[in-house]
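Working notes, structure below.
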Amino acid sequence: MQSLSPAECTPQAVVEALLHGPGAIRVRGLFSPAQVSEARSVVMAHSDARAQTVTHFQGQAAQEARLHLQRRVWNLLAKGEVFSQMAEQPVIVAAMRAFLGEDFVMGSIAANRILPDGPGQEPHIDYPYWDLHAPQTFPVGINSSFPLNAQVTIPLDPFTAQTGATAFVPGTQRELRYPGPDDRFFERCERMEADPGDAILFFGATWHCAMPNRSSMDRSAILIQYLPKFVKPMEDLRAMVGEAFVKRASPTMRQLLGLTYPYPQNLDDVTGAANTEGRVNAARY
Ligand SMILES: O=C(O)CCC(=O)C(=O)O
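Numbered according to the numbering used here, the sequence shown spans residues 27 to 311.
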């Protein structure tokens with residue numbers, strides 16, 4: 027996987043890697059040791075206290091009663107300022123503007139912790155493509171010539187083959203389909219090896235999955251999902267963060283929460299309404 031310093035990580039380099047290249051790129055040292063340590067202590071505290079929250083692509087672990095060896099922490103924006111800093115990191119925001127359009131939003135920010143001996147996931151692709159194993163539920167002709175998703179993984183522990191660094195098959199984002207048993211995923215995959223505080227940016231249409239943790243240490247990461255303005259977000263972030271958070275949110279955070287894109291709305295209920303869209307004289311409500 028290509029690895030860049032923050033200064034080298036231009037929006038063009040990210041677009042090229044995610045759309046036309048392997049589908050993933052690593053940015054080294056984007057977050058400080060203090061930010062990693064703060065994020066990690068929040069994640070550990072919340073996941074020690076609560077072993078079972080909603081998770082994904084862990085059907086086999088559920089069958090084997092091993093779900094408690096992987097833990098998700100949701101609603102991170104409400105759990106510490108450091109998670110807003112991660113979501114709004116300028117190198118990431120600039121890349122997302124180029125990749126998903128200037129009005130892009132955030133669909134989810136959560137942690138994935140895999141405990142020692144914890145399970146990996148089923149190879150998959152990410153929201154909103156994550157149920158593309160039922161292709162009849164998607165528009166005819168859907169393809170990945172333009173993206174409906176971008177993911178950022180921020181490791182809080184070393185991501186190595188031993189600890190369960192995310193596996194991915196380079197170039198598969200161009201196929202846009204859900205991987206199946208005949209795709210030999212585990213024979214073909216590479217790993218997203220990285221250090222705490224790095225950021226791995228990838229197009230979630232690239233086949234990937236968390237891998238089993240075969241080490242004696244925890245393996246946690248922050249997973250951020252970004253979407254174009256018109257895709258319905260996966261987490262109801264606006265409702266989850268609450269009024270006080272929204273009141274003090276920066277302009278970038280307001281955009282990430284979807285507050286600057288006014289749809290859907292009750293168009294029958296806008297008082298004093300006039301022309302709201304079009305090139306000429308449009309005033310949105
Ligand atoms: O934690 C990881 O390595 C990847 C998680 C992932 O792909 C997911 O939950 O969709």
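We put the beta carbon where it would ideally sit given N, CA and C, even for glycine.
In terms of residues, what are the limits of the beta strand (DSSP E) holding residue i?
i           : result
residue 278 : Per DSSP, residue 278 belongs to no beta strand (DSSP E); it is in the alpha helix (DSSP H), 277 to 282.
residue 99  : 96 to 99
residue 212 : Looking at the DSSP string, residue 212 is not in any beta strand (DSSP E); the run it does join, the alpha helix (DSSP H), is 211 to 214.
residue 227 : 225 to 228
Could you check where the alpha helix (DSSP H) with residue i kicks off and where it finishes?
i           : result
residue 110 : 107 to 113
residue 119 : 116 to 126
residue 273 : 269 to 273
residue 80  : That residue, residue 80, is in no alpha helix (DSSP H); it is neither H nor E in DSSP.
residue 86  : 85 to 89
Have a look at the DSSP bridge pairing and note the partners of residue i.
i           : result
residue 220 : 185
residue 139 : 97 and 246
residue 253 : 131
residue 150 : 234
residue 179 : 226 and 249
residue 194 : 216 and 234
Measuring only the C-alpha atoms, how far is residue i from residue j?
i           : j           : result
residue 117 : residue 239 : 30 Å
residue 151 : residue 195 : 11 Å
residue 272 : residue 257 : 21 Å
residue 261 : residue 237 : 24 Å
residue 142 : residue 190 : 10 Å
residue 228 : residue 149 : 15 Å
residue 56  : residue 109 : 13 Å
residue 100 : residue 248 : 10 Å
residue 193 : residue 135 : 20 Å
residue 127 : residue 252 : 11 Å
residue 34  : residue 40  : 10 Å
Run through DSSP, which three-state label would residue i get?
i           : result
residue 28  : coil
residue 132 : strand
residue 52  : strand
residue 309 : coil
residue 67  : helix
residue 42  : helix
residue 161 : helix
residue 299 : coil
residue 73  : helix
residue 291 : coil
residue 166 : coil
Sufficient close CB pairs (3 or more, under 8 Å) joining the segment 146 to 163 to the segment 187 to 207: yes
Contact between the segment 75 to 90 and the segment 257 to 267 (3+ Cβ pairs under 8 Å): no
Touching by the beta-carbon criterion (3+ pairs, under 8 Å), the segment 117 to 136 and the segment 160 to 179: yes
At least three beta-carbon pairs within less than 8 Å, the segment 211 to 224 to the segment 88 to 96: no
Contact the segment 60 to 78 vs the segment 224 to 242: 3+ CB pairs below 8 Å: Cβ pair count under 8 Å is below three, so no.
Inter-stretch contact at 8 Å, needing at least 3 Cβ pairs: the segment 92 to 107 / the segment 222 to 229: no
Sufficient close CB pairs (3 or more, under 8 Å) joining the segment 166 to 173 to the segment 291 to 305: no
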